[in-house]
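Protein chains in written order, with this note's numbering: chain A, 16 to 447; chain B, 1441 to 1697. Don't be surprised by glycine CBs; every beta carbon is placed ideally from N, CA and C.
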């Protein structure tokens, strides 16, 4: 093969949340340069939060991301609760998990069917998919809608930037009747999730496996979402407050996003594959059995199979949500009384894309003096580029258009949320 | 049947929530996709049809030198241009930088300020090009979005009220949280549209939909101070959130400290 230069370039990646790009330069069969960059404009949330009341942080940080606002609201709330010495337990904690289950269902189903499945089936988008497989898309939309209904029922009437979540709990409790009314659709959703797992497990997965450092939260009693310790498959086991002792954010020239790495271990991976590998034993018996039937081992190292893991996680949270709904008893108060004061606290939850970590310092009046927010996609940037490296090497013989598409698909494996990470991405493929 | 009208959806500086509102129209999405040709919508499709487009929806604010140029091309490519959301119609939460030193904001977040290429201000789309309709909200209401799309595709005026949130409370019979509970509420000066959410959920309105037409923000600000004992900083912060840069809120916010 001649040593001509090939450039594969995607200036504006589609079917991702936010603005990112990919650039690959090939000289013959050698990758000379590979870069995944985030060109979402900076929005300076951590600076804008300085001087604001601790009570405003959940509503302000929600605006980092329209797809996973609950992750921000919950992380901010828990960080404030940590700083002020408050613990939210019992039925209020269960309601928090329920609203978070809604966000997982809405976000995972959006990604599985509308953003990612079209790649496996050779469609440009879910509209083409809907024309060929209308029943599948109609079922997907109903499932996604259920996620939004959970968000609306607990979160205060709307799914994007819900208004009912606050430090210490909620502004108003949903009625018992409204919560119990979710049960029938959740029973349907469990069946629809099983269909989803069975559908996506039949897709062709490019045979790429990588030896990731997985990082996720772990909780003894549940598949961790709202709280837990941070653990890895390489011996990390820390409370969320110790995050910044073990991880650091670096600022690369190409990006408006900060790039998070393990101080003594380099790149790591957060999100569905990490959670699944580290918490397989905490999945429900049905989710474990369905994962096995779908051909998944207890650890999945092929990033293209993340779509199957998302489907398994969708089943898990539908089951969790149903259990919470069936056991729900209205608490006495919607919110724990919070007294402002000085302190520093951290909060970390599993956003659909991976851990989302917040740290705030407060003055005596409860005003924010320092804010540090580490979103999932900035943590996955290193892994995304690592995957792309292997994907390009394995697909060099393909024509540019095909190589470009599989690179895009590899990025979409991460369901990257670029709006979050800025505070994402650019694909050019150059061949030479 | 003639050619289907084409729809383009653009993103500037934003959280993606307003364009997600379109994908969140689960019951109507396939009907919308049947009524229009989705010609450019990166969050939903990698297929791009050539412009010009009949209707363009713009999410996000103008906050980089590249945005300033790109919005001009977007305007040229769209027969009708509709800005959607608080970022596109006022500058968004990121317009808080307009009240601060931009360099300090960059240094507070980024280790290498020299890598960042952004404007000192975040501004609405209408500061740069003619906008045919501004749809408010943080996020927008999907029902209002469908109404606006329907109106423009059928050549009629959108039925989107410019009156206050208070009107929604009265109509729904929601007890006033400011009068009955002494909770600060921006309802009297904020445009209706969210569906009367916060007062129904036992909290005061915090301004997602921006100023109503002809708001008397100064009167409300004074009442916060005299009757609710709010500090200047608290009043300022309440006006300075997602629509901080909307003129009526900007003026009132700057009056307090």
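Assigned exposure category for residue i - 16 Cβ within 10 Å defines buried
i: residue 1459/B; result: buried
i: residue 1500/B; result: buried
i: residue 1603/B; result: exposed
i: residue 242/A; result: buried
i: residue 1599/B; result: exposed
i: residue 1451/B; result: buried
i: residue 1656/B; result: exposed
i: residue 1697/B; result: exposed
i: residue 427/A; result: buried
i: residue 438/A; result: Since pLDDT at residue 438/A reaches only 40, below the 50 mark, its modelled position is unreliable, and the value read off the structure follows with that caveat. Classification for residue 438/A: buried.
i: residue 190/A; result: exposed
i: residue 1605/B; result: buried
i: residue 154/A; result: buried
i: residue 1659/B; result: exposed
i: residue 327/A; result: buried
i: residue 1671/B; result: exposed
i: residue 441/A; result: Per-residue confidence for residue 441/A stands at a pLDDT of 33, beneath the threshold of 50, marking its modelled position as unreliable; the derived number appears in the next sentence. Classification for residue 441/A: buried.
i: residue 29/A; result: buried
i: residue 168/A; result: buried
i: residue 1596/B; result: exposed
i: residue 1381/B; result: Not covered by the structure: residue 1381/B. The range shown for chain B is 1441 to 1697.
i: residue 344/A; result: exposed
i: residue 93/A; result: buried
i: residue 1560/B; result: exposed
i: residue 300/A; result: exposed
Enclosing beta strand (DSSP E) for residue i [first to last residue]
i: residue 40/A; result: 35-42
i: residue 50/A; result: 45-53
i: residue 1669/B; result: Taken as a continuous stretch (DSSP letters only), residue 1669/B belongs to no beta strand (DSSP E), as it is neither H nor E.
i: residue 64/A; result: Residue 64/A -> no beta strand (DSSP E), and no H or E assigned at all.
i: residue 1450/B; result: 1446-1451
i: residue 1494/B; result: 1493-1499
i: residue 1614/B; result: Element bounds for residue 1614/B: n/a, residue is neither H nor E.
i: residue 1478/B; result: 1477-1481
i: residue 247/A; result: 244-247
i: residue 1576/B; result: Where residue 1576/B is concerned, there is no enclosing beta strand (DSSP E), given that its DSSP letter is neither H nor E.
i: residue 373/A; result: 369-377
i: residue 127/A; result: Per DSSP, residue 127/A belongs to no beta strand (DSSP E) and is neither H nor E.
i: residue 361/A; result: 358-366
i: residue 387/A; result: 383-389
Beta-carbon separation (whole angstroms), residue i vs residue j, contact threshold 8 Å
i: residue 1476/B; j: residue 1444/B; result: 6 Å
i: residue 397/A; j: residue 274/A; result: 7 Å
i: residue 1642/B; j: residue 186/A; result: 5 Å
i: residue 23/A; j: residue 424/A; result: About 13 Å separates the two Cβ atoms, so there is no contact after all.
i: residue 1562/B; j: residue 1590/B; result: In fact, because the Cβ distance is near 30 Å, the residues do not count as touching under 8 Å.
i: residue 1644/B; j: residue 1623/B; result: 4 Å
i: residue 489/A; j: residue 176/A; result: Lying before the first or after the last residue shown, residue 489/A is absent from chain A, which here runs from 16 to 447.
i: residue 332/A; j: residue 116/A; result: 4 Å
i: residue 21/A; j: residue 41/A; result: 4 Å
i: residue 371/A; j: residue 258/A; result: So it is not a contact: roughly 11 Å between Cβ atoms.
i: residue 295/A; j: residue 278/A; result: Residue 295/A to residue 278/A, Cβ: 27 Å. No contact.
Span of the alpha helix (DSSP H), counted from its first residue to its last, around residue i
i: residue 258/A; result: 258-261
i: residue 120/A; result: 105-124
i: residue 212/A; result: 198-215
i: residue 21/A; result: Premise fails: residue 21/A lies in the beta strand (DSSP E), 20-25, not in any alpha helix (DSSP H).
i: residue 341/A; result: 321-342
i: residue 241/A; result: First-last for residue 241/A: undefined, no H or E at that position.
i: residue 1588/B; result: 1582-1593
i: residue 85/A; result: 84-99
i: residue 427/A; result: 415-427
Three or more C-beta pairs under 8 Å: does that hold for the segment 187-206 of chain A against the segment 322-340 of chain A?
Verdict: yes, contact present.
Would you be able to state if there are at least three C-beta pairs under 8 Å between the segment 1626-1640 of chain B and the segment 167-179 of chain A?
Contact check between the segment 167-179 of chain A and the segment 1626-1640 of chain B: three or more CB pairs, one atom from each, fall below 8 Å, which counts as touching.
Is it the case that the segment 1525-1534 of chain B contacts the segment 1678-1686 of chain B, given that we only count it when at least three CB pairs across the two stretches are under 8 Å?
Here the segment 1678-1686 of chain B lies against the segment 1525-1534 of chain B, with 3 or more beta-carbon pairs under 8 Å apart.
Does the structure place the segment 111-123 of chain A close enough to the segment 383-393 of chain A that three or more beta carbon pairs sit under 8 Å?
Taking 8 Å as the limit for Cβ pairs, the verdict is that the segment 111-123 of chain A does not touch the segment 383-393 of chain A.
Cβ contact (3+ pairs, closer than 8 Å) linking the segment 59-75 of chain A and the segment 1452-1471 of chain B:
Counting Cβ pairs under 8 Å, fewer than three are found: no touch.
Three-pair Cβ contact test at 8 Å for the segment 1538-1557 of chain B versus the segment 1659-1670 of chain B:
The segment 1538-1557 of chain B, when compared against the segment 1659-1670 of chain B, does not touch it at the 8 Å Cβ threshold.
Quick one: any contact between the segment 318-327 of chain A and the segment 218-230 of chain A, if contact means 3 or more CB pairs under 8 Å?
Contact between the segment 318-327 of chain A and the segment 218-230 of chain A is present: 3 or more CB-CB pairs across the two stretches fall below 8 Å.
Is the number of C-beta pairs between the segment 1550-1557 of chain B and the segment 144-151 of chain A that are closer than 8 Å three or more?
Taking 8 Å as the limit for Cβ pairs, the verdict is that the segment 144-151 of chain A does not touch the segment 1550-1557 of chain B.
If we count Cβ pairs, one from each stretch, closer than 8 Å, do we get three or more for the segment 114-123 of chain A versus the segment 147-167 of chain A?
Output reads yes: the segment 147-167 of chain A touches the segment 114-123 of chain A.
Contact between the segment 342-350 of chain A and the segment 179-197 of chain A: three or more CB pairs below 8 Å?
Yes, the segment 342-350 of chain A touches the segment 179-197 of chain A.
Counting Cβ pairs, one atom from each stretch, are 3 or more of them under 8 Å apart for the segment 371-379 of chain A and the segment 81-99 of chain A?
Result yes; three or more Cβ-Cβ pairs closer than 8 Å.
May I ask you to verify whether the segment 1481-1491 of chain B touches the segment 127-140 of chain A, counting CB pairs closer than 8 Å and requiring at least 3?
The segment 1481-1491 of chain B and the segment 127-140 of chain A touch, with no fewer than 3 CB-CB distances between them shorter than 8 Å.
Can you list, in chain order, the stretches of the alpha helix (DSSP H) that have 4 or more residues and sit fully within the segment 1515-1566 of chain B?
Fully enclosed alpha helix (DSSP H) runs of 4 or longer: 1526-1530, 1542-1549.
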